[in-house]
Structure formats: structure tokens, C-alpha cells
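Trainee:
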Amino acid sequence: MLTGESETGLRKILDFTRTCAILLLGLHFYYFGYKLFAAQGWSSRFTDLLLERLRATGLFDGFQRSRLLALLMLGISLAGASGRRDGPVSRSRVAALGGCGMALYWGGGLLLRMPVSREEGWFVYLAYMGVTTAGFLLLLTGGTLLSRLVRWSLSGDIFNHLNESFPQEERLLTNPYSINLPARYRLRDRVRRSWINIINPFRALLVIGNPGSGKSWFVIRHVIRQHIEKGFALFVYDFKFDDLSRLACNHLERHRDKYPAPPAFYLINFDDLRQTHRCNPLDPATLFDITDATESSRTIMLGLNREWITRQGNFFVESPINFLTAVIWFLKKYEGGRYCTLPHAIELMQLEYERLFPVLRSEPEIEVLINPFISAFEHDAMEQLEGQVASAKIGMARLSSPQLYYVLTGHDFTLDINDPAAPKVVCMGNNPQKQQIYGAVLSLYIARLIKLVNQKDRLKCSLVFDEFPTIYVNGIDSLIATARSNRVATTLGIQDFSQLKKDYGRDQAEVILNIAGNVVCGQVTGETARHLSERFGRIRQERESISVNRQDTSLSRSQQLDAAIPPSRIATLSSGEFVGLVADDPDNRIALKRFHAEILQDRAQLDREERGYVRIPAVRELSEQEVLENYLQVKLDVARIIEREAGRVGCLHKRQEEGRAGR
1 MLTGESETGL
11 RKILDFTRTC
21 AILLLGLHFY
31 YFGYKLFAAQ
41 GWSSRFTDLL
51 LERLRATGLF
61 DGFQRSRLLA
71 LLMLGISLAG
81 ASGRRDGPVS
91 RSRVAALGGC
101 GMALYWGGGL
111 LLRMPVSREE
121 GWFVYLAYMG
131 VTTAGFLLLL
141 TGGTLLSRLV
151 RWSLSGDIFN
161 HLNESFPQEE
171 RLLTNPYSIN
181 LPARYRLRDR
191 VRRSWINIIN
201 PFRALLVIGN
211 PGSGKSWFVI
221 RHVIRQHIEK
231 GFALFVYDFK
241 FDDLSRLACN
251 HLERHRDKYP
261 APPAFYLINF
271 DDLRQTHRCN
281 PLDPATLFDI
291 TDATESSRTI
301 MLGLNREWIT
311 RQGNFFVESP
321 INFLTAVIWF
331 LKKYEGGRYC
341 TLPHAIELMQ
351 LEYERLFPVL
361 RSEPEIEVLI
371 NPFISAFEHD
381 AMEQLEGQVA
391 SAKIGMARLS
401 SPQLYYVLTG
411 HDFTLDINDP
421 AAPKVVCMGN
431 NPQKQQIYGA
441 VLSLYIARLI
451 KLVNQKDRLK
461 CSLVFDEFPT
471 IYVNGIDSLI
481 ATARSNRVAT
491 TLGIQDFSQL
501 KKDYGRDQAE
511 VILNIAGNVV
521 CGQVTGETAR
531 HLSERFGRIR
541 QERESISVNR
551 QDTSLSRSQQ
561 LDAAIPPSRI
571 ATLSSGEFVG
581 LVADDPDNRI
591 ALKRFHAEIL
601 QDRAQLDREE
611 RGYVRIPAVR
621 ELSEQEVLEN
631 YLQVKLDVAR
641 IIEREAGRVG
651 CLHKRQEEGR
661 AGR
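Quick note: the sequence shown uses the working numbering, first residue 1, plus one each step.
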């Protein structure tokens, strides 16, 4: 590094070289114009002796040699020039000064070739000296500006792209579970190929990106394709049906041989009942104890009333949940669970209190749950009772429709999708225009499915949620934390942390964001970008600082740790460009976990493949009359339950009274 003394010494050498160039040019003028100077009396014994010595060196053997040497020494002196920076240096200004200077410096010799008389020769030579000197001065000025331009061009990366580049994983690392995304990235001024290797998807994959950032096209579709190709049981929540469902259906047909047993494809779609299977999420065979009923009740109520998520534990939140739990468990115990479906629970909840409570009271296991409601009813505390029950009845009434009842009362398949003997690929479609109603029902399906797949000795399983915040999944953080050992991979697609915070509450949103081991992020802004930038860490970067004073301009360089991917960079990512972090495991170590790359897609091949996709086949032919008959059958079933139970309870009370009278 330059110290103060060495820098001063270097400056003196450059100044001396420049002075020599000027002296050499002056000697050139005197030597080749000696006769003219002597005629004017501008000579002496000393100058004559000096010229004799210089002639012996060969310096003035040719007219151009001394001029060229003077120009060379000027160039050497300008190589280390910095000077004070007065303002911006333009390339056109440097070019103009250099071009004019060179033209005058070399073109001045043409004046000496002009045919003139002896008397005019003196004035011509003076003109030659003036023109050459002017060219020399212009070259000196232009060269000084050029040196500054070169020095300042070193810091031309105004957005700091080169400094924020870093080495990334270029190896393809695969295993029976991995997701591998081809990519390219920039390392300093070179573009290199790389791979985003998500070798441990069981530690959860969080895909974040604003609308249009490409999270579904560039990432989620790859997850579905590659996990089907590796024989995963698969669940897909398709928010904008049927984008992902069609992909899963067609890709499964091409890779059925990858599964240990023939896989089946099932679809839940509430809009087109001909293109949907039927499934009862409250299948009594999967409700092992009353806690399962409680979990189902909490999921459906919080899915219908998302603002309750942050108010759990509140009396008027827990009361409707307990009421629905009591109804579900009663149906589970009644006649072996024959009527244990969500539509039957909805209809049963809508009955008058004087008809409903005696029937529910007949089941001993739910007596603790319904006692507060019965007590309020018997003491005529109707306002309290309505506050406890009405919110549940009103919310559940929104689900009362023939289409929903038809899908929810069938038994085409069960939700244990990772059964090794009967693997399944299940897609559930939502509708953005009806997401509040459909989302609540789908949340119940997903809650029951998660309970069944998160078990030991099952087939490897992948759960893919596009636009995850549009549904409520109770205990998703527990699934991510515990399902790794059971080979359950979870992929969550969200647009922004603020969206997740709004729908799940800040505490649970932070847990989801922090617990995911793999993160792939497209363009996001604000708090999400800041959080991820901190998570990606820092790298060593070069910094330049500029100091301008009256005499000089100095440029110093240093190295310091700075954000590898700052929030501003995340906020300006293009579609298909992602940053992120991958997780490894003890058997597959990855040193370069972070990435900032553009995911590569062979769009022509993908378009050809998708043009070959067929529509999802219809499940059945169905008439509106059949749907309506199923709807009315549910109402009739509930009426029969009440009639039978009311009669049985009445007879039981009569026998009890007769027994007391006999005693």
C-alpha cells in the first residue's frame, strides 16, 4: 500500500518526467531552428557546446525522434496523474482534446514544408513552435482528464451488482426425495450455470413471491412433477382450479410405474359436481376420540371466522367450538356413526333448543361440553345462550347448499393418501370468488388429511399448498416440526409475510416463516424483504471511498461484511429470478446454501408437453335432481334422528318417574 512518503516520491518522479518532456520539446525547437535563433543573436558558446553534446547522443538524428520521445515522456507522466476533480469528466471532451492536440502536435510540421523566403522563415518557424506547443498543451490537458476518466471508471457498477454476487452450488445433488431446479447466476462479471438442490424437502419449502413473480410456474410446478416422478403420494391445494390439478393428473398417468402399488387420482371440486369425487372429512373411522372432533370443530369454525384466530381462548370463541364438537361427537356415537357428516351436523345445529338439547344430553361423553348451554337454557339466560351458540349456527348456515352437501356426504375415497397399499394423488380446487366458504370446508379436509398422513411406516408424501393463506390449517407449524421423521414434505406458497400475518396472526405467521428450512423467494418488499435479507446473512464486499480536496482527488478501497442480498435487491427481482436458502442433512452436506439465480425453463418443451395434456375426466354424470334429493335426504335424516331420540328419551324419563313413584 502507498504510504505518505512513497506517494510524495511518486508524485515528484511524475513531475520530473513531465518537466523533462517540456525541456526536450524546447531543445527540439532550438536545435532544428538554430540558424534562425543565431541570426537573431540568441546563441552562445554554452548553447553551442550543449548542442554538440546532444548531437552525439543521436537524440536529434531525425526530426521526429525528439518529438516522439517528448510525447512518450508526457504519456509516462500522465499515467499516474489524478489531479483535483472539478466536475464530471465526459468521454467526448477527452476525445476532442486528445484529437485536436494530436492533430496540432503532428500537423505543425507541415508548416516547415511551405516554400517561403529567408525573411519569412522566422515567422513560419514561430508559427510551427506555437502550433506544436498548443498541441502539446492540449494533449497534456486531455491526458490528465483521461487518467481521471480511467480511474473513475473503476467504480461504474452503480447498483453494486458485482459486489453482491457470490459463489453458488454448481453441482447437481440428487436423492430419492430431492427437488432440483436448473439455474444460472452471475459471479462478478461472468454468468455461470448452477443448481438449486432442495435435497431435504421434509424440512418444508416456503415459496414466497408477489403476483407475477413466477412462484407457481418456476417452482411449485417443478415440485409436483418431480415428486410424482419419484413416487410420492401427493396432495395439491389448487387455489385457481384447475391449473395444478390438470398438471398432476396428466403427469401421474405418465409415471404410474414409479409407485409401489397402482396409484389413484381423486379430485374435490365444488363448482362442477360431475368432475369431483365425494369424500366425508368426518369419517367416523378416522375420529378416534373426542379430541379429533374438537380439532375438526376448531378448524371449521376458525376457517369460517378468520378473525377468531387471534382470539382463541375467548369465551365467545371457545363456546361455539365446544357446541359444534358436541354435535359432531354425538353423530359419531349415534348408530355407529352412520350420520356422522358435516351436512348432518349443520342441520342438527339449526334445530330449536328444546328439541336439540334433550337429544344431545343422551350421550354421556358430551355432557360436560353441553352443560353450560343447557344451564343457560334452563335458567332463561337466552342472551347468553344466543351469544354462545348463534355465531356457530350463523357461520355453519353459510355452508348449507346442495352442492356442498353432495360432496361432503359421499365415500369415494379416504384421506389416508400415503397408504403404501393404496397411494393416492388428491387435488382440491378452490374458487377465488367463493374462497371464504370453500376455504373453510377445504381447511377441514386438510386438517383431517394431515392427521392421517403424519404417521410412521407410511409412503413418502408431499403436501403442496398454492396460496396457502387462503385456507386455515390448524397446527401447520406442528406438522412442519414433526412430519420430517415420517417423510412428509410440505410446500407452502405465499405472496407476502403481511398476508400470512393477516390471516394467521403475527405469532403463528412468524413461526411458519422461521421454521421452514428451505426458502425460495421471488420479488417481495417491505418487512418480508428485510427479514429474508437478514436470514441470508452477509458476505465480504469491496468498497470504494472518494475524497476530493483543493489539490487532489483520492480513491481508497476497503473490504467489509455487508448483506449478501439486500432488501432493495429482493424488491427488484425479475419474474423467474429468485433468492433463497436450502437446507441439507447429515448425509448430504451443502456448503453453498444461499442462492441468487434465474431458474431456467425450457418453455418450448413445456408448452409442447402441456398441449398434449387432456382434460381431467368426468367422474360421473349427474343431474340437479340427484343433488337436490341428497340435500333433502340429509334434512330427513336429521328429522328422523330427533324423532327417534326424542321418543327414546321420553320413554326413558317416563320409566324413571314411574320407578321413583313405585318407591
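Virtual Cβ for every residue (Gly too), placed ideally from N, Cα, C. Treat the numbers as computed from the prediction; the structure is a model and nothing was measured.
Taking the alpha-carbon positions, what's the Thr19 to Gly98 distance?
Mentor: 20 Å
Trainee: Taking only runs of the beta strand (DSSP E) that begin and end inside the segment 473–528, which ones reach a length of at least 3 residues, in chain order?
Mentor: 488–494 and 518–521
Trainee: Which term fits Asn588, buried or exposed, when burial requires 16 or more other beta carbons within 10 angstroms of its beta carbon?
Mentor: exposed
Trainee: Are there three or more Cβ pairs, one per stretch, closer than 8 Å when the segment 378–390 is compared with the segment 443–463?
Mentor: Verdict: no, contact absent.
Trainee: Would you decide whether Met114 is buried or exposed? Buried here means 16 or more other CB atoms lie within 10 Å of its CB.
Mentor: exposed
Trainee: Using the C-alpha atoms, what's the distance from Thr144 back to Leu664?
Mentor: Here the chain comprises residues numbered 1 to 663, so residue 664 is not present and cannot be evaluated.
Trainee: What residues in its chain sit with their C-beta under 8 Å from that of Asn180, if we drop five residues either side in the sequence?
Mentor: Counting only Cβ-Cβ distances below 8 Å, and skipping sequence neighbours, we find Leu172, Leu173, Thr174, Trp195, Ile196, Asn197, Ile198 and Gln226.
Trainee: Taking all protein chains shown into account, decide if Arg487 is buried (16 or more other Cβ within 10 angstroms of its Cβ) or exposed.
Mentor: With 16 or more Cβ atoms within 10 Å of its Cβ, Arg487 is classed as buried.
Trainee: Tell me, to the nearest whole angstrom, how far the beta carbon of Leu111 is from that of Val124; I am working on the premise that it is less than 8 Å.
Mentor: 6 Å
Trainee: How about Ser558: is its C-beta nearer than 9 Å to some C-beta of chain D?
Mentor: The question asks about chain D, but that chain is absent: this structure has only one protein chain.
Trainee: Would you call the segment 394–408 and the segment 343–362 in contact, with 3 or more CB pairs under 8 Å?
Mentor: yes
Trainee: Considering Asp238, what are the terminal residues of the beta strand (DSSP E) in which it resides?
Mentor: Ala233 to Asp238
Trainee: Between Arg540, Ile599, Ala604 and Gln168, which lies nearest to Asn160 when the distance is taken from Cα to Cα?
Mentor: Arg540
Trainee: In this structure, how does DSSP classify Leu154 when only helix, strand and coil are distinguished?
Mentor: Caution is warranted here: a pLDDT of 49 is assigned to Leu154, below 50, making its placement in the model unreliable, and the coordinate value is therefore given only provisionally. Assigned with DSSP and collapsed to three states, Leu154 falls in coil, not helix or strand.
Trainee: Going straight from the alpha carbon of Tyr185 to that of Arg192, what length do you get?
Mentor: Here the alpha carbon of Tyr185 sits roughly 5 Å from the alpha carbon of Arg192.
Trainee: Report all residues from its chain with a CB closer than 7 Å to the CB of Cys521; omit the five preceding and five following residues, and keep chain order.
Mentor: Ile208, Gly209, Leu532, Ile570, Phe578, Val579 and Gly580
Trainee: Does the distance from the CB of Cys427 to the CB of Asp189 come in under 9 Å?
Mentor: no
Trainee: One question on the structure: do Leu302 and Tyr438 come within less than 9 Å of each other, judged by their Cβ atoms?
Mentor: A distance of 9 Å or more separates the beta carbons of Leu302 and Tyr438.
Trainee: Measuring alpha carbon to alpha carbon, tell me which of Phe166, His222, Leu139 and Thr57 ends up nearest Leu606.
Mentor: His222
Trainee: Buried or exposed for Ile13, please, with buried defined as at least 16 other CB atoms from any protein chain shown within 10 angstroms of its CB.
Mentor: exposed
Trainee: Pick helix, strand or coil for Gly429, following the three-state DSSP scheme.
Mentor: strand
Trainee: Since Ala293 is in the alpha helix (DSSP H), which residue starts that stretch and which ends it?
Mentor: Ile290 to Leu304 is the span of the alpha helix (DSSP H), which, as asked, contains Ala293.
Trainee: Could you give the residue range of the beta strand (DSSP E) that holds Trp195?
Mentor: Arg190 to Ile198
Trainee: Under 9 Å, do Lys451 and Asp292 count as touching if we go by C-beta distance?
Mentor: Closer than 9 Å, so yes.
Trainee: Could you compute how far the alpha carbon of Ala345 sits from the alpha carbon of Leu324?
Mentor: Cα-Cα distance, rounded: 8 Å.
Trainee: For Thr276, count the other beta carbons within 10 Å of its own beta carbon; 16 or more makes it buried, fewer makes it exposed. Which is it?
Mentor: buried
Trainee: Going by beta-carbon coordinates alone, are Asn518 and Arg254 separated by less than 9 Å?
Mentor: no
Trainee: Using a Cβ-Cβ cut-off of 8 Å (strictly less than) and excluding sequence neighbours within five positions of Ile512, which residues of its own chain qualify?
Mentor: Leu206, Ile476, Asp477, Ile480, Leu492, Leu500 and Tyr504
Trainee: For my contact list, Gly429 and Phe232 are in at a C-beta cut-off of 8 Å; report their separation, rounded to the angstrom.
Mentor: About 20 Å separates the two Cβ atoms, so there is no contact after all.
Trainee: In the DSSP assignment, what are the bridge partners of Glu598?
Mentor: Arg184 and Glu577
Trainee: Please tell me whether, using a cut-off of 8 Å, the distance from the CB of Leu351 to the nearest non-hydrogen atom of the ligand GDP is below it.
Mentor: With respect to the ligand GDP, the structure offers nothing, as it holds no ligand at all.
Trainee: Check each candidate in Asp272, Phe29, Arg640 and Met73 and name the one with the smallest Cα separation from Leu622.
Mentor: Asp272
Trainee: Select from Ile228, Glu542, Ile641 and Asn269 the residue whose C-alpha is nearest the C-alpha of Pro403.
Mentor: Residue 403 is actually Gln in this sequence, not Pro. Closest in alpha carbon position to Gln403, among Ile228, Glu542, Ile641 and Asn269, is Asn269.
Trainee: Give every residue of the same chain whose Cβ lies closer than 8 Å to the Cβ of Glu318, excluding the five residues on either side of it in the sequence, and list them in chain order.
Mentor: Gln312
Trainee: Leu36 to Phe29, Cα distance in whole Å?
Mentor: 11 Å
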